[in-house]
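Let me begin by presenting the structure, written as C-alpha coordinates, before commenting on it.
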Amino acid sequence: MSYIQLNHVMKKFGDVIAIEDLSLSIEKGECFSMLGPSGCGKTTTLRMIAGFEDLDGGEIKVGENLLSSKITNFYLPPEKRNFGMVFQAFAVWPHMTVYDNVAFPLKIKKLPKHEIEKRTTDALKHTNLLSVAQKSPDDLSGGGKQRVALARALAINPDVMLLDEPLSSLDPHLREEMRFEIKALQRQFGFSIIYVTHDQSEAMALSDRIMVMKKGVIQQIDTPLEIYNNPSNRFVFNFIGLSNQITVNLSQQGVILPGCSDVFDIQPPPPPELIQEGRAILASRPSEIRFVAQGGIPGVVKRRSYLGEVIDYNIMLGDQEIRVQKGRRDPGPNEGETCQVIFSKLHWYSCNSVAE
1 MSYIQLNHVM KKFGDVIAIE DLSLSIEKGE CFSMLGPSGC GKTTTLRMIA GFEDLDGGEI
61 KVGENLLSSK ITNFYLPPEK RNFGMVFQAF AVWPHMTVYD NVAFPLKIKK LPKHEIEKRT
121 TDALKHTNLL SVAQKSPDDL SGGGKQRVAL ARALAINPDV MLLDEPLSSL DPHLREEMRF
181 EIKALQRQFG FSIIYVTHDQ SEAMALSDRI MVMKKGVIQQ IDTPLEIYNN PSNRFVFNFI
241 GLSNQITVNL SQQGVILPGC SDVFDIQPPP PPELIQEGRA ILASRPSEIR FVAQGGIPGV
301 VKRRSYLGEV IDYNIMLGDQ EIRVQKGRRD PGPNEGETCQ VIFSKLHWYS CNSVAE
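Below, the structure is given as C-alpha coordinates:
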(Lines of atoms letter the chains of each structure in order from A; the text may use other names.)
(Lines give C-alpha, C1' and ligand atoms only; values in the text may rest on other atoms or scores of the structure.)
Protein backbone atom coordinates (compact mmCIF):
# COMPACT_ATOMS: atom_id res chain seq x y z
CA MET A 1 0.00 0.00 0.00
CA SER A 2 1.22 3.50 -0.79
CA TYR A 3 2.61 5.35 2.22
CA ILE A 4 3.33 8.86 0.91
CA GLN A 5 0.77 10.09 -1.61
CA LEU A 6 0.70 13.21 -3.74
CA ASN A 7 -2.60 13.58 -5.58
CA HIS A 8 -2.90 16.13 -8.41
CA VAL A 9 -0.53 18.56 -6.69
CA MET A 10 0.01 21.98 -8.25
CA LYS A 11 2.20 24.93 -7.28
CA LYS A 12 2.36 28.38 -8.86
CA PHE A 13 4.68 31.32 -8.29
CA GLY A 14 2.80 34.28 -9.67
CA ASP A 15 1.79 33.36 -13.21
CA VAL A 16 4.46 30.64 -13.47
CA ILE A 17 3.30 27.05 -12.91
CA ALA A 18 6.20 25.29 -11.16
CA ILE A 19 4.39 21.96 -10.60
CA GLU A 20 1.47 20.89 -12.77
CA ASP A 21 -0.93 18.08 -11.78
CA LEU A 22 1.71 15.90 -10.12
CA SER A 23 0.57 12.57 -8.69
CA LEU A 24 2.85 9.91 -7.23
CA SER A 25 3.02 7.36 -4.44
CA ILE A 26 5.99 6.22 -2.36
CA GLU A 27 6.13 3.01 -0.33
CA LYS A 28 7.06 2.75 3.33
CA GLY A 29 10.79 2.08 3.68
CA GLU A 30 11.49 3.06 0.07
CA CYS A 31 14.32 5.32 -1.06
CA PHE A 32 12.71 7.48 -3.72
CA SER A 33 14.77 10.03 -5.65
CA MET A 34 13.54 13.06 -7.54
CA LEU A 35 15.99 13.72 -10.34
CA GLY A 36 16.12 16.44 -12.94
CA PRO A 37 17.89 19.59 -14.12
CA SER A 38 17.86 22.83 -12.14
CA GLY A 39 14.43 24.47 -12.19
CA CYS A 40 12.51 21.25 -12.94
CA GLY A 41 10.46 21.47 -9.72
CA LYS A 42 12.05 18.74 -7.60
CA THR A 43 12.99 20.99 -4.65
CA THR A 44 9.60 22.73 -4.80
CA THR A 45 7.94 19.31 -4.58
CA LEU A 46 10.09 18.38 -1.57
CA ARG A 47 9.28 21.70 0.13
CA MET A 48 5.56 21.06 -0.31
CA ILE A 49 5.95 17.61 1.26
CA ALA A 50 7.94 19.16 4.12
CA GLY A 51 5.34 21.90 4.63
CA PHE A 52 7.59 24.83 3.72
CA GLU A 53 5.38 25.59 0.72
CA ASP A 54 1.58 25.36 0.67
CA LEU A 55 -0.28 23.86 -2.28
CA ASP A 56 -2.18 25.62 -5.03
CA GLY A 57 -3.98 22.41 -5.90
CA GLY A 58 -4.31 18.77 -4.82
CA GLU A 59 -3.37 17.10 -1.55
CA ILE A 60 -0.51 15.32 0.23
CA LYS A 61 -0.94 12.42 2.68
CA VAL A 62 1.38 10.20 4.71
CA GLY A 63 -0.32 6.98 5.68
CA GLU A 64 -3.83 7.96 6.76
CA ASN A 65 -2.72 11.43 7.85
CA LEU A 66 -3.54 14.42 5.69
CA LEU A 67 -0.67 16.92 5.52
CA SER A 68 -1.91 19.49 3.02
CA SER A 69 -5.10 19.88 1.01
CA LYS A 70 -6.21 22.72 -1.21
CA ILE A 71 -9.65 21.12 -1.43
CA THR A 72 -10.31 21.40 2.31
CA ASN A 73 -7.83 24.25 2.94
CA PHE A 74 -5.99 22.07 5.46
CA TYR A 75 -2.32 22.67 6.24
CA LEU A 76 -0.20 20.90 8.87
CA PRO A 77 2.87 22.98 9.82
CA PRO A 78 6.36 21.44 9.26
CA GLU A 79 7.14 20.93 12.97
CA LYS A 80 4.14 18.61 13.30
CA ARG A 81 4.98 16.38 10.35
CA ASN A 82 7.75 14.36 12.07
CA PHE A 83 10.09 14.53 9.11
CA GLY A 84 13.86 14.51 9.35
CA MET A 85 15.49 16.99 6.99
CA VAL A 86 19.03 17.32 5.63
CA PHE A 87 19.93 20.14 3.25
CA GLN A 88 22.79 21.01 0.92
CA ALA A 89 24.04 23.59 3.43
CA PHE A 90 25.23 21.78 6.55
CA ALA A 91 22.91 23.92 8.73
CA VAL A 92 24.83 23.27 11.96
CA TRP A 93 25.19 25.83 14.73
CA PRO A 94 28.89 26.62 15.36
CA HIS A 95 28.23 28.06 18.85
CA MET A 96 26.89 24.67 20.02
CA THR A 97 28.74 21.40 20.51
CA VAL A 98 28.01 18.48 18.21
CA TYR A 99 25.96 16.93 21.03
CA ASP A 100 23.89 20.08 21.54
CA ASN A 101 23.30 20.43 17.78
CA VAL A 102 21.73 16.97 17.71
CA ALA A 103 19.81 17.45 20.97
CA PHE A 104 18.40 20.87 20.11
CA PRO A 105 15.24 19.76 18.18
CA LEU A 106 14.40 17.36 21.02
CA LYS A 107 14.69 20.15 23.57
CA ILE A 108 12.34 22.27 21.45
CA LYS A 109 9.83 19.39 21.63
CA LYS A 110 10.25 19.50 25.45
CA LEU A 111 10.97 15.79 25.71
CA PRO A 112 12.06 14.36 29.10
CA LYS A 113 15.77 14.81 29.82
CA HIS A 114 16.53 11.07 29.91
CA GLU A 115 14.85 10.56 26.53
CA ILE A 116 16.80 13.47 25.00
CA GLU A 117 20.05 11.93 26.28
CA LYS A 118 19.19 8.48 24.94
CA ARG A 119 18.03 9.63 21.50
CA THR A 120 20.97 12.02 21.07
CA THR A 121 23.53 9.42 22.14
CA ASP A 122 21.99 6.78 19.88
CA ALA A 123 21.96 9.15 16.88
CA LEU A 124 25.60 10.12 17.48
CA LYS A 125 26.56 6.47 17.79
CA HIS A 126 24.85 5.48 14.53
CA THR A 127 26.58 8.30 12.64
CA ASN A 128 30.04 7.64 14.18
CA LEU A 129 30.10 10.99 16.01
CA LEU A 130 30.15 9.85 19.64
CA SER A 131 33.89 10.48 19.97
CA VAL A 132 33.51 14.13 18.88
CA ALA A 133 30.26 14.87 20.74
CA GLN A 134 31.78 17.69 22.81
CA LYS A 135 33.62 19.34 19.91
CA SER A 136 32.43 22.27 17.84
CA PRO A 137 31.11 21.40 14.36
CA ASP A 138 33.74 23.83 13.02
CA ASP A 139 36.38 21.29 14.09
CA LEU A 140 34.91 18.70 11.71
CA SER A 141 35.34 18.13 7.99
CA GLY A 142 32.51 18.72 5.53
CA GLY A 143 31.53 15.06 5.81
CA GLY A 144 31.56 15.33 9.60
CA LYS A 145 29.27 18.37 9.52
CA GLN A 146 26.86 16.54 7.24
CA ARG A 147 26.88 13.61 9.67
CA VAL A 148 25.83 16.05 12.40
CA ALA A 149 22.88 17.11 10.23
CA LEU A 150 22.02 13.44 9.65
CA ALA A 151 22.26 12.63 13.37
CA ARG A 152 19.99 15.57 14.21
CA ALA A 153 17.42 14.31 11.72
CA LEU A 154 17.70 10.72 13.05
CA ALA A 155 17.25 11.79 16.68
CA ILE A 156 13.60 12.75 16.19
CA ASN A 157 12.79 9.18 15.02
CA PRO A 158 11.37 10.45 11.71
CA ASP A 159 8.64 8.77 9.71
CA VAL A 160 10.26 10.10 6.55
CA MET A 161 13.72 11.51 5.83
CA LEU A 162 13.82 14.38 3.33
CA LEU A 163 17.21 15.08 1.75
CA ASP A 164 17.75 18.03 -0.58
CA GLU A 165 21.10 17.86 -2.44
CA PRO A 166 22.78 16.80 0.84
CA LEU A 167 26.10 15.73 -0.69
CA SER A 168 26.66 18.29 -3.44
CA SER A 169 29.10 20.41 -1.41
CA LEU A 170 31.33 17.43 -0.50
CA ASP A 171 34.34 16.24 -2.48
CA PRO A 172 33.82 13.11 -4.64
CA HIS A 173 35.38 10.65 -2.16
CA LEU A 174 33.29 11.90 0.77
CA ARG A 175 30.22 12.00 -1.41
CA GLU A 176 30.57 8.32 -2.26
CA GLU A 177 31.25 7.42 1.38
CA MET A 178 28.17 9.31 2.59
CA ARG A 179 25.96 7.59 0.00
CA PHE A 180 26.73 4.24 1.58
CA GLU A 181 26.17 5.61 5.08
CA ILE A 182 22.76 7.06 4.21
CA LYS A 183 21.68 3.78 2.59
CA ALA A 184 22.92 1.79 5.61
CA LEU A 185 20.98 4.03 8.01
CA GLN A 186 17.82 3.62 5.95
CA ARG A 187 18.13 -0.18 6.01
CA GLN A 188 18.78 -0.14 9.75
CA PHE A 189 15.89 2.15 10.74
CA GLY A 190 13.42 1.41 7.94
CA PHE A 191 12.31 4.97 7.30
CA SER A 192 11.31 6.23 3.87
CA ILE A 193 13.69 8.58 2.08
CA ILE A 194 12.77 11.24 -0.45
CA TYR A 195 16.01 12.36 -2.02
CA VAL A 196 16.37 15.39 -4.30
CA THR A 197 19.39 15.56 -6.58
CA HIS A 198 20.54 16.55 -10.05
CA ASP A 199 23.38 14.00 -9.78
CA GLN A 200 22.32 10.87 -11.65
CA SER A 201 25.03 8.67 -10.10
CA GLU A 202 23.76 9.50 -6.60
CA ALA A 203 20.20 8.68 -7.62
CA MET A 204 21.24 5.43 -9.31
CA ALA A 205 23.31 4.29 -6.31
CA LEU A 206 20.79 5.10 -3.58
CA SER A 207 17.32 4.68 -5.02
CA ASP A 208 14.77 1.92 -5.12
CA ARG A 209 12.91 4.07 -7.64
CA ILE A 210 13.66 7.34 -9.44
CA MET A 211 11.32 10.03 -10.71
CA VAL A 212 12.77 12.04 -13.59
CA MET A 213 11.19 15.51 -13.85
CA LYS A 214 11.21 18.24 -16.47
CA LYS A 215 9.56 21.65 -16.04
CA GLY A 216 7.30 20.44 -13.24
CA VAL A 217 6.06 17.37 -15.12
CA ILE A 218 6.93 13.72 -14.45
CA GLN A 219 8.78 12.11 -17.36
CA GLN A 220 9.29 8.62 -15.90
CA ILE A 221 9.10 6.78 -12.57
CA ASP A 222 10.88 3.42 -12.40
CA THR A 223 13.82 1.49 -10.99
CA PRO A 224 17.32 2.81 -11.79
CA LEU A 225 18.00 -0.16 -14.08
CA GLU A 226 14.75 0.24 -16.01
CA ILE A 227 15.19 3.99 -16.45
CA TYR A 228 18.74 3.47 -17.74
CA ASN A 229 17.90 0.59 -20.08
CA ASN A 230 14.41 1.63 -21.18
CA PRO A 231 14.03 5.42 -21.00
CA SER A 232 10.49 6.60 -21.73
CA ASN A 233 11.56 9.40 -24.06
CA ARG A 234 14.53 11.21 -25.56
CA PHE A 235 14.78 13.63 -22.63
CA VAL A 236 15.19 10.79 -20.10
CA PHE A 237 17.71 9.02 -22.35
CA ASN A 238 19.70 12.23 -22.68
CA PHE A 239 19.60 13.04 -18.97
CA ILE A 240 20.50 9.61 -17.57
CA GLY A 241 24.01 8.42 -18.36
CA LEU A 242 26.31 9.24 -21.24
CA SER A 243 24.55 9.33 -24.58
CA ASN A 244 25.17 9.55 -28.30
CA GLN A 245 22.47 11.08 -30.47
CA ILE A 246 23.07 11.47 -34.18
CA THR A 247 20.70 12.58 -36.93
CA VAL A 248 20.25 10.10 -39.78
CA ASN A 249 18.23 9.96 -42.99
CA LEU A 250 15.86 7.04 -43.50
CA SER A 251 14.48 5.23 -46.55
CA GLN A 252 12.90 1.86 -47.24
CA GLN A 253 16.39 0.66 -48.23
CA GLY A 254 18.01 1.51 -44.90
CA VAL A 255 19.81 4.20 -42.93
CA ILE A 256 22.00 6.94 -44.42
CA LEU A 257 24.40 8.91 -42.24
CA PRO A 258 25.05 12.49 -43.39
CA GLY A 259 28.54 12.56 -44.85
CA CYS A 260 28.41 8.87 -45.83
CA SER A 261 27.35 7.63 -49.27
CA ASP A 262 26.46 4.07 -48.20
CA VAL A 263 23.07 2.79 -47.01
CA PHE A 264 23.31 0.75 -43.81
CA ASP A 265 21.08 -1.99 -42.48
CA ILE A 266 21.04 -1.06 -38.80
CA GLN A 267 19.28 -3.33 -36.30
CA PRO A 268 16.81 -2.97 -34.80
CA PRO A 269 15.37 -0.99 -37.69
CA PRO A 270 13.56 2.30 -37.16
CA PRO A 271 9.77 2.07 -36.71
CA PRO A 272 7.62 2.65 -39.81
CA GLU A 273 6.38 6.07 -38.67
CA LEU A 274 9.96 7.36 -38.51
CA ILE A 275 10.76 5.91 -41.94
CA GLN A 276 7.80 7.90 -43.25
CA GLU A 277 9.25 11.07 -41.70
CA GLY A 278 12.51 10.39 -43.58
CA ARG A 279 14.78 11.46 -40.68
CA ALA A 280 15.34 10.28 -37.13
CA ILE A 281 17.61 10.42 -34.11
CA LEU A 282 19.73 7.31 -33.58
CA ALA A 283 20.64 7.13 -29.86
CA SER A 284 23.04 4.78 -28.12
CA ARG A 285 25.24 4.64 -25.02
CA PRO A 286 29.03 4.79 -25.52
CA SER A 287 29.30 1.35 -23.86
CA GLU A 288 26.76 -0.13 -26.31
CA ILE A 289 28.89 0.38 -29.42
CA ARG A 290 31.41 -2.24 -30.58
CA PHE A 291 34.41 -2.16 -32.89
CA VAL A 292 34.30 -4.81 -35.63
CA ALA A 293 36.74 -5.89 -38.32
CA GLN A 294 34.15 -5.68 -41.10
CA GLY A 295 30.45 -5.21 -41.76
CA GLY A 296 30.10 -2.09 -39.63
CA ILE A 297 29.78 1.64 -40.16
CA PRO A 298 33.14 3.17 -41.17
CA GLY A 299 34.61 5.91 -39.02
CA VAL A 300 37.83 7.67 -38.04
CA VAL A 301 39.24 7.89 -34.50
CA LYS A 302 39.46 11.59 -33.75
CA ARG A 303 40.62 11.18 -30.13
CA ARG A 304 41.55 8.31 -27.80
CA SER A 305 41.71 8.98 -24.05
CA TYR A 306 42.71 6.67 -21.20
CA LEU A 307 40.29 7.13 -18.27
CA GLY A 308 41.50 4.44 -15.88
CA GLU A 309 39.11 1.52 -16.21
CA VAL A 310 37.91 2.55 -19.66
CA ILE A 311 39.32 3.95 -22.89
CA ASP A 312 37.17 6.75 -24.30
CA TYR A 313 37.08 7.20 -28.09
CA ASN A 314 35.72 10.09 -30.13
CA ILE A 315 34.78 8.66 -33.53
CA MET A 316 33.71 10.59 -36.62
CA LEU A 317 30.87 8.79 -38.45
CA GLY A 318 30.33 10.80 -41.60
CA ASP A 319 30.13 14.40 -40.44
CA GLN A 320 28.94 13.60 -36.89
CA GLU A 321 30.85 12.59 -33.78
CA ILE A 322 30.08 9.81 -31.31
CA ARG A 323 31.77 8.50 -28.17
CA VAL A 324 32.68 4.86 -27.64
CA GLN A 325 33.90 3.45 -24.32
CA LYS A 326 35.66 0.10 -24.01
CA GLY A 327 37.48 -1.69 -21.20
CA ARG A 328 41.13 -0.75 -20.88
CA ARG A 329 42.17 -4.31 -21.79
CA ASP A 330 40.01 -4.42 -24.94
CA PRO A 331 42.08 -3.88 -28.09
CA GLY A 332 40.92 -0.91 -30.10
CA PRO A 333 42.08 1.46 -32.83
CA ASN A 334 44.59 4.21 -32.24
CA GLU A 335 44.06 7.92 -32.72
CA GLY A 336 43.88 8.83 -36.41
CA GLU A 337 43.11 5.27 -37.58
CA THR A 338 40.03 4.15 -39.47
CA CYS A 339 37.61 1.77 -37.78
CA GLN A 340 34.20 0.16 -38.12
CA VAL A 341 31.49 0.14 -35.46
CA ILE A 342 28.13 -1.52 -34.85
CA PHE A 343 25.44 -0.65 -32.32
CA SER A 344 24.76 -3.53 -29.92
CA LYS A 345 21.80 -1.58 -28.52
CA LEU A 346 20.09 1.59 -29.72
CA HIS A 347 16.95 3.70 -29.46
CA TRP A 348 15.09 5.53 -32.21
CA TYR A 349 13.54 8.96 -31.64
CA SER A 350 11.76 11.47 -33.82
CA CYS A 351 13.71 14.57 -34.78
CA ASN A 352 10.75 16.50 -33.34
CA SER A 353 11.21 14.99 -29.86
CA VAL A 354 12.84 17.16 -27.21
CA ALA A 355 16.22 16.17 -25.73
CA GLU A 356 16.59 18.96 -23.15
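The sequence shown: position 234 = 234 (the UniProt record's numbering), numbered continuously.
We put the beta carbon where it would ideally sit given N, CA and C, even for glycine.
Identify every residue that forms a DSSP beta bridge with residue i.
{"i": "Met85", "result": "Leu162"}
{"i": "Ile4", "result": "Ile26, Val62"}
{"i": "Val292", "result": "Val292 is not bridged to any residue."}
{"i": "Trp348", "result": "Leu282"}
{"i": "Ile275", "result": "Bridge partners of Ile275: none, in fact."}
{"i": "Asp312", "result": "Ser305, Gln325"}
Terminal residues of the continuous alpha helix (DSSP H) containing residue i?
{"i": "Ile146", "result": "Residue 146 is actually Gln in this sequence, not Ile. Taken as a continuous stretch (DSSP letters only), the alpha helix (DSSP H) holding Gln146 covers 142-155."}
{"i": "Lys113", "result": "113-126"}
{"i": "Pro298", "result": "From DSSP, Pro298 is part of no alpha helix (DSSP H) but of the beta strand (DSSP E) over 297-306."}
{"i": "Ala203", "result": "200-206"}
{"i": "Asp100", "result": "98-108"}
{"i": "Val236", "result": "234-239"}
{"i": "Asn229", "result": "224-229"}
{"i": "Leu46", "result": "42-50"}
{"i": "Phe180", "result": "172-189"}
Among the options, whose alpha-carbon lies nearest the alpha-carbon of residue i?
{"i": "Ser207", "options": "Val217, Leu225, Gly216", "result": "Leu225"}
{"i": "Asn7", "options": "Gly14, Cys40, Ile49, Ala18", "result": "Ile49"}
{"i": "Leu162", "options": "Ala153, Phe237, Lys345", "result": "Ala153"}
{"i": "Cys40", "options": "Ala18, Phe180, Phe191", "result": "Ala18"}
{"i": "Leu170", "options": "Glu309, Ser141, Ile194", "result": "Ser141"}
{"i": "Ser131", "options": "Lys118, Val98, Ile156", "result": "Val98"}
{"i": "Ile26", "options": "Gly51, Glu79, Met211, Lys70", "result": "Met211"}
{"i": "Gly143", "options": "Ile108, Ile182, Pro112", "result": "Ile182"}
{"i": "Gly58", "options": "Glu79, Val9, Phe180, Gly29", "result": "Val9"}
{"i": "Pro172", "options": "Asn157, Asp199, Ala149", "result": "Asp199"}
{"i": "Glu79", "options": "Ile156, Arg119, Pro286", "result": "Ile156"}
{"i": "Ile315", "options": "Gly308, Gln325, Glu309", "result": "Gln325"}
{"i": "Leu274", "options": "Cys351, Val300, Pro231, Met204", "result": "Cys351"}
{"i": "Val148", "options": "Asn128, Asp159, Val160, Pro158", "result": "Asn128"}
With a 10 Å radius around its C-beta and 16 neighbouring C-beta atoms as the bar for buried, classify residue i as buried or exposed.
{"i": "Val16", "result": "exposed"}
{"i": "Lys42", "result": "buried"}
{"i": "Val354", "result": "exposed"}
{"i": "Lys145", "result": "buried"}
{"i": "His95", "result": "exposed"}
{"i": "His347", "result": "buried"}
{"i": "Asp262", "result": "exposed"}
{"i": "Glu202", "result": "buried"}
{"i": "Ser23", "result": "exposed"}
{"i": "Leu317", "result": "buried"}
{"i": "Glu258", "result": "Checking the displayed sequence, the identity of residue 258 turns out to be Pro instead of Glu. Burial call: exposed."}
{"i": "Asn101", "result": "buried"}
{"i": "Asp164", "result": "buried"}
{"i": "Lys11", "result": "buried"}
{"i": "Thr338", "result": "exposed"}
{"i": "Arg175", "result": "buried"}
{"i": "Thr223", "result": "exposed"}
Please list the terminal residues of the continuous beta strand (DSSP E) segment that includes residue i.
{"i": "Glu27", "result": "16-27"}
{"i": "Arg285", "result": "Looking at the DSSP string, Arg285 is not in any beta strand (DSSP E), and its letter there is neither H nor E."}
{"i": "Thr72", "result": "Segment: none, Thr72 is in no beta strand (DSSP E) and carries neither H nor E."}
{"i": "Gly318", "result": "Looking at the DSSP string, Gly318 is not in any beta strand (DSSP E), and its letter there is neither H nor E."}
Say whether chain C places a C-beta atom closer than 7 Å to the C-beta of residue i.
{"i": "Ser261", "result": "You won't find chain C in this structure, because it holds only one protein chain."}
Given 8 Å, three or more beta-carbon pairs between the stretch 115-124 and the stretch 67-79 | no
On the three-pair Cβ rule with 8 Å, is the stretch 283-298 touching the stretch 326-342?
-> Cβ pair count under 8 Å is three or more, so yes.
When the Cβ atoms of the stretch 82-94 are set against those of the stretch 26-35, are three or more pairs found closer than 8 Å?
-> no
Any contact of the stretch 301-310 with the stretch 247-258, i.e. 3+ C-beta pairs under 8 Å?
-> no
Is the stretch 174-188 in contact with the stretch 215-234, if contact means three or more CB pairs nearer than 8 Å?
-> The stretch 174-188 vs the stretch 215-234: no contact.
Is it a yes or a no for the stretch 232-252 touching the stretch 314-330, going by three-plus beta-carbon pairs under 8 Å?
-> yes
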